[in-house]
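Read the structure below first, then the notes.
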Amino acid sequence: MNVSGSLHALASVVFIRVTEFARRPVAEQARLRAQLEAALAVALIRVLPQARIILDAPDGMAIVVLGDPAAALDIAQRCMSASSAGVSMAVAINHGAIRIAPDDSGQQGLIGDAVGTAAAIAHFAGPARLFVSRSFREALSASSPARAISIRPAGIFTDANVRTHELFAPDPASALRRRKILAVVGAAVLIGVFAALVYFQDAIRRDLRAGQQATLAFALFPDGDVFVDGVARGKSPPLATLRLPPGLHTIELKRKGEIPFRTSVDLLAGRTTTIEYDFRPDVERSLSRRLRDWVLR
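For the sequence shown, the numbering used here gives the first residue as 1145, with consecutive numbering after it.
Below you can see the structure in the form of structure tokens.
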């Protein structure tokens, strides 16, 4: 991270403390620190190296993140999952000023109240707990309001220097309620869209079929001449279908020696309308004729 030594910067500090670290045997301390480093490597996989600083602490580690409070919260929550792997951790996040300055040996060091306050807050959090300061919650609210909604008050605590800290903690139940609300809203939207599609389906179909021709199909027995709007269009069969403009049409069916049949049909764009008529309803149709009529239909 390129931060000038004289420049004060606002940063989010994630402090991870292994609980009861000082009371454990040296061999166990080494094992716990190795597990913590492995968990931290996974937690930092989405954070660019130039966007954070990692600091060693006597009983854990601190991660400084510039400009992205939501990323700091992600790191803290991913590290918390290491508790289930046997690393008992307390995690705290603070937001405040930092400054890079050389130490007595000339090495670059980090100074600022943000780190010290984060360390103090971590001592208030018990095993598998995450506390955040008011300043961090305000920074998160400014950059990611949706993430800050689920962070609830956890109480007021006093540190060894008699300073009071108003602390907050993520509320898993609040996040679950928010997901449920989003699911209900999403379901309601889908139901509304579906209802609108059902209600307006005829209009939608008309719009989709606008500009398309309509189809008029015939099933006549034994056969007949077809007239559409007074114009002869052929004999059916073999004529089976006609492509016509949508709208109202007058259809007349004629056959020599039979009474003509006349009707009106309102054809819809993209739809097929079938006219069936039998000039000799009392005559039994042959099997071959019925099969032919069925195929033509």
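Each residue gets a CB set at the ideal place from its N, CA and C atoms; glycine is no exception.
Since the structure is predicted, the reported quantities are computational estimates derived from the model, not experimental observations.
Fill in: Check whether I1237 and V1162 have beta carbons under 8 Å apart
no
Worksheet item: Of all the options V1375, T1302, I1295, which has the alpha carbon lying nearest to the alpha carbon of L1217?
Response: I1295
Practice prompt. Just confirm the distance between the C-beta atoms of D1203 and A1166, as a whole number of angstroms; I'd bet it's less than 8 Å.
Written response: 6 Å
Worksheet item: Since T1163 is in the beta strand (DSSP E), which residue starts that stretch and which ends it?
Response: Per DSSP, T1163 belongs to no beta strand (DSSP E) and is neither H nor E.
Worksheet item: How about A1358 and L1388: do their beta carbons lie closer than 8 Å?
Response: yes
Worksheet item: Quick one: Cα of S1232 to Cα of F1275, how far?
Response: 15 Å
Worksheet entry | Short Cβ contact (8 Å threshold) for R1424 with F1371 | no
Worksheet entry | Range of the contiguous beta strand (DSSP E) that encloses L1383 | Run containing L1383: none; DSSP gives neither H nor E here.
Practice prompt. May I have the straight-line CA-CA distance separating L1334 from V1328, to the nearest angstrom?
Written response: 10 Å
Worksheet item: Where does the unbroken alpha helix (DSSP H) through S1287 begin, and where does it stop?
Response: 1278-1287
Worksheet item: Between P1289 and A1262, what straight-line distance do the alpha-carbon atoms span, to the nearest angstrom?
Response: 22 Å
Practice prompt. Could you tell me the distance, in whole angstroms, from the CA atom of Q1356 to the CA atom of A1376?
Written response: 23 Å
Worksheet entry | C-alpha gap between V1337 and A1266, whole angstroms | 49 Å
Worksheet item: By how many angstroms is the C-alpha of A1234 removed from the C-alpha of L1180?
Response: 12 Å
Practice prompt. Measure the C-alpha to C-alpha separation of V1191 and A1241 and round it to an integer number of angstroms.
Written response: 20 Å
Item to complete: Sort S1279, A1201, A1339, S1225 by Cα distance to L1154 and report the nearest one.
Response: S1279
Item to complete: Excluding the 5 residues preceding and the 5 following L1360 in the sequence, name in chain order all residues of the same chain whose CB lies nearer than 6 Å to its CB.
Response: L1386, L1388, T1417
Fill in: Exposure of S1380, with buried meaning 16 or more beta-carbon neighbours within 10 Å
buried
Worksheet entry | Reference I1419; option with closest CA among I1403, T1394, A1413, E1402 | T1394
Worksheet item: According to the Cβ coordinates, are I1197 and M1205 closer than 8 Å?
Response: no
Worksheet item: Taking the beta strand (DSSP E) that F1365 falls in, what are its first and last residues?
Response: 1358-1365
Discussion item. Taking only three categories from DSSP, how would you classify I1325?
Written reply: helix
Worksheet item: If you draw a straight line from the C-alpha of E1164 to the C-alpha of Q1194, how long is it?
Response: 32 Å
Discussion item. According to DSSP, is R1296 part of a helix, a strand, or is it coil?
Written reply: strand
Fill in: Contacting residues, own chain, Cβ-Cβ under 7 Å from G1256 (five flanking each side not counted)
G1240, A1241, I1242, R1243
Item to complete: Just tell me which of L1210, R1175, L1284 has its CA closest to the CA of A1313.
Response: L1284
Worksheet item: With C-beta atoms as the reference, is L1392 less than 8 Å away from G1368?
Response: no
Discussion item. Under DSSP, the alpha helix (DSSP H) around A1206 begins and ends at which residues?
Written reply: Taken as a continuous stretch (DSSP letters only), A1206 belongs to no alpha helix (DSSP H), being part of the beta strand (DSSP E) at 1204-1210.
Item to complete: Take the Cβ of I1219 as the centre, count every other Cβ of all protein chains shown within 10 Å, and call the residue buried at 16 or more, exposed below.
Response: buried
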